[in-house]
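Protein chains in written order, with the working numbering: chain A, 1 to 139; chain B, 1 to 139; chain C, 1 to 139; chain D, 1 to 139.
For each residue, glycine too, the CB sits at the ideal point set by N, CA and C.
Read the structure below first, then the notes.
The structure is reproduced here in structure tokens:
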């Protein structure tokens with residue numbers, strides 16, 4: 001199971017008038033986690049772009065469990081979810097660095113798209129097959 | 001079925017390097033739609049706050065169907081989803097003003113919380129019962 | 001003097017933990033005002049882009065005078081500042097819709113750039129000369 | 001001269017359709033730099049808040065020199081600017097980690113405010129005098 005964890009300071013501008021991280025900012029944290037994963041394992045936006053593809057989200061689910069406050073840090077854990085479909089799926093768990101407990105979980109699903117024609121790939125692109133082989137992931 | 005529609009110009013700062021609205025900004029559009037609904041039907045954050053309650057999100061689901069470009073407008077339709085539970089549920093449909101097609105759908109679930117003690121209400125608060133009666137909504 | 005005014009509801013996500021609009025969001029309001037001006041007078045990003053140019057900011061000044069709260073609206077007044085230089089200058093005044101007083105003022109300066117070569121225009125582009133003639137602006 | 005430098009990965013959501021960091025996000029980088037300085041020298045929002053004060057911005061100036069792209073990092077240098085007035089002034093220089101050149105400079109001015117009464121301090125608060133003595137800063 002490929003997973004990667006990154007820490008992120010909660011910014012003042014991310015906190016709302018209830019003095020907790022505004023819910024929409026977790027979507028940003030997910031992308032931060034996904035890109036940190038991508039950097040660690042060679043599957044970032046720019047890596048994928050070099051293979052001529054973009055990976056737009058088609059689905060996003062967020063489950064809010066507790067609040068995160070200014071002064072704390074978000075510990076974002078991103079896990080690759082293997083799937084035989086031509087999709088890129090990640091699971092997220094965000095914890096409070098200060099308290100250790102889970103603040104938020106979620107899942108995002110992306111597809112492989114030609115950036116110009118906007119055409120979607122219906123089978124796993126070859127570079128993804130190679131990437132999965134490299135990291136010993138088999139369906 | 002209570003529903004409300006509001007139009008929103010796509011901002012330059014909301015568009016990403018693929019020249020479409022960045023996926024996280026739909027969460028903002030949902031809140032815009034929810035607050036416009038709240039203004040129309042007396043169920044906004046400030047209305048609820050007057051009853052001594054905050055309504056944090058516990059769950060959010062977004063389904064991305066098509067892209068929205070700069071120069072276009074988001075037509076955000078927000079629908080109240082009745083539930084016997086002590087929850088506030090809304091469905092969203094965002095359309096492109098220019099093309100008419102659906103760009104994104106979603107659902108948010110909120111709970112009723114005492115802002116200071118952070119205690120959650122496990123039964124529907126009285127003001128919500130009154131609100132539902134006022135708008136002829138019965139479970 | 002060309003000026004344009006647009007109203008904008010303060011969003012919950014724009015308000016910080018002091019319960020006022022976070023200062024960085026005024027930069028967004030300025031761009032909203034500038035684009036609303038552009039729509040009214042044919043000088044929006046997309047209009048300029050049709051002439052093969054982008055107009056990146058080179059300078060921004062913001063003067064914060066009072067706070068703007070959730071529940072209020074920002075009344076954004078954008079004024080074209082004529083200049084013989086190859087620059088696009090706008091002045092902004094943001095008022096509280098509720099109280100009428102000035103909340104924030106500012107000025108932005110943009111230059112004309114070829115988007116691909118990134119080369120800057122050192123003289124006013126012809127379409128701007130034509131635009132100024134159309135609106136009876138002469139240096 | 002007290003100065004502090006912090007590195008920040010450029011986020012995908014911070015980049016606009018011209019594929020460079022959207023100008024308004026530099027205001028966020030300035031606050032990131034200011035808060036990193038505050039953490040290093042004991043002058044963060046929460047430190048100041050412990051002395052019963054908030055420090056709202058009254059003035060902000062940004063000078064944009066070059067662009068910052070996705071895949072790069074912002075190197076944010078924040079410098080305390082001493083002043084006999086009851087103000088908190090910081091200068092910022094943002095560099096591209098990849099190219100080394102300066103991308104953006106700026107200055108912010110904050111005042112000391114009682115968060116409840118919204119009253120401003122017209123003389124330097126005692127804790128600031130103590131802070132300046134601690135770090136050997138004298139006007």
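In the same chain as residue 124 of chain D, and ignoring 5 residues on each side of it, the C-beta atoms closer than 6 angstroms to its own belong to 86, in chain order. Put simply, the CB of residue 45 of chain A is near chain D, with a gap under 8 angstroms to one of its CB atoms. Contact with chain C is found for residue 28 of chain D, since one of that chain's Cβ atoms lies less than 8 angstroms from the residue's Cβ. Look at the region 41-83 of chain C and you find these whole runs of alpha helix (DSSP H), each 4 residues long or longer: 45-50. Per DSSP, the continuous beta strand (DSSP E) segment holding residue 87 of chain A begins and ends at 87-96.
With a cut-off of 8 angstroms on Cβ pairs, the region 61-76 of chain A is in contact with the region 87-99 of chain A, counting three or more such pairs.
For the 8 angstroms CB-CB criterion, residue 60 of chain C and residue 108 of chain C form a contact. For residue 11 of chain A, there is no enclosing beta strand (DSSP E), since its DSSP letter is neither H nor E.
Rounded to whole angstroms, the separation of the alpha carbons of residue 26 of chain A and residue 49 of chain D is 26 angstroms. Between residue 111 of chain A and residue 65 of chain A a beta carbon distance of about 28 angstroms is seen, past the 8 angstroms cut, so the two are scored as non-contacting.
Neighbourhood of residue 31 of chain C in chain B, by CB distance below 9 angstroms: 11, 12 and 13, in chain order. Rounded to whole angstroms, the gap between the alpha carbons of residue 89 of chain B and residue 82 of chain B is 7 angstroms. Of all residues in the region 90-102 of chain D, none is placed with a Cβ closer than 8 angstroms to any Cβ belonging to chain B.
Membership of residue 107 of chain D in the beta strand (DSSP E) is indicated by the continuous run 102-111. Distance between residue 8 of chain D and residue 71 of chain D, taken at the CA atoms: about 11 angstroms. Taking a C-beta distance under 8 angstroms as the contact criterion, residue 69 of chain B and residue 28 of chain B do not qualify as a contact pair. In this model, residue 12 of chain A and residue 14 of chain C are separated by some 12 angstroms (Cα to Cα). In this chain, the alpha helix (DSSP H) harbouring residue 128 of chain D covers 126-134. Around residue 120 of chain B, no beta-carbon contact reaches into chain A at under 7 angstroms, the shortest distance being about 12 angstroms. Against chain B, the CB of residue 70 of chain D has a partner CB under 8 angstroms away; the residue lies at that interface. In chain order, 17 make up the part of chain B whose C-beta sits under 9 angstroms from the C-beta of residue 19 of chain D. In this structure, the beta-carbon distance from residue 62 of chain C to residue 100 of chain C does not fall below 8 angstroms. Around the beta carbon of residue 46 of chain C, a 10 Å sphere encloses fewer than 16 other beta carbons of the protein chains shown; the residue is thus reported as exposed. Counting the other Cβ atoms within 10 Å of the Cβ of residue 57 of chain B gives 16 or more, which makes it buried. When only Cα atoms are considered, residue 54 of chain A and residue 115 of chain A end up about 6 angstroms apart. Note on residue 135 of chain C: under 16 other CB atoms within 10 angstroms of its CB, so exposed under the neighbour-count rule. Residue 39 of chain A has its alpha-carbon roughly 10 angstroms from the corresponding atom of residue 4 of chain A. Bridge partners of residue 3 of chain D according to DSSP: D/79. Within the model, the alpha-carbon separation for residue 51 of chain D versus residue 22 of chain A is close to 26 angstroms. Interface annotation, residue 50 of chain C: not in contact with chain B, CB-CB separation never under 8 angstroms. By alpha-carbon distance to residue 31 of chain B, the top candidate from C/10, C/16 and C/33 is C/10.
Assignment of residue 27 of chain B by DSSP, reduced to helix, strand and coil, places it in the helix class. Shortest Cα-Cα distance from residue 37 of chain A to any of A/113, A/79 and A/132 involves A/79. Close partners of residue 131 of chain C in chain A (Cβ separation under 9 angstroms) are lacking, with about 32 angstroms as the shortest Cβ gap. By the 16-neighbour rule on beta-carbons within 10 angstroms, residue 1 of chain A is exposed.
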